[in-house]
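The structure appears below as structure tokens.
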């Protein structure tokens, strides 16, 4: 849906309305009805948005992105890679508190 919004230069507006209305996983917050409601709220051309969604215009891109994330070992968003001075990579998947990052950064800086 955000890729379809990007066709009108409103990727970030759509991204923001999605996440501002997020109510958790698997509860219908991203239903077709809500996705179209959000498109209308930010002033997208709903006919163009609807056509883009019905055609699944960006499905291949999304599948490829998901496959890339899986290949990199990411299973949530956001995802981070911290590369230490020894080129060792620490992967962080999902939202984490500040303390998780601080512990990793401190450890890497002390190598």
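In this note's numbering, the protein residues as written are 3 to 113.
Yeah, the Cβ is synthetic: ideal placement off N, Cα and C, and Gly gets one too.
As the structure is a computational prediction, the values presented were derived from the model and not from experiment.
- Considered as a whole, the segment 13-58 harbours 13-22, 34-43 and 48-57 as its complete alpha helix (DSSP H) runs of no fewer than 4 residues, in chain order.
- Rounded to the nearest whole angstrom, the CA to CA distance from residue 10 to residue 100 is 36 Å.
- For residue 77, same chain residues with a beta-carbon under 6 Å away, outside a window of 5 residues either side, are 95 in chain order.
- Non-local beta-carbon contacts of residue 91 in its own chain, meaning distances under 6 Å to residues more than five positions away in sequence, involve 83 and 85 in chain order.
- Beta-bridge partners assigned by DSSP to residue 92: 84.
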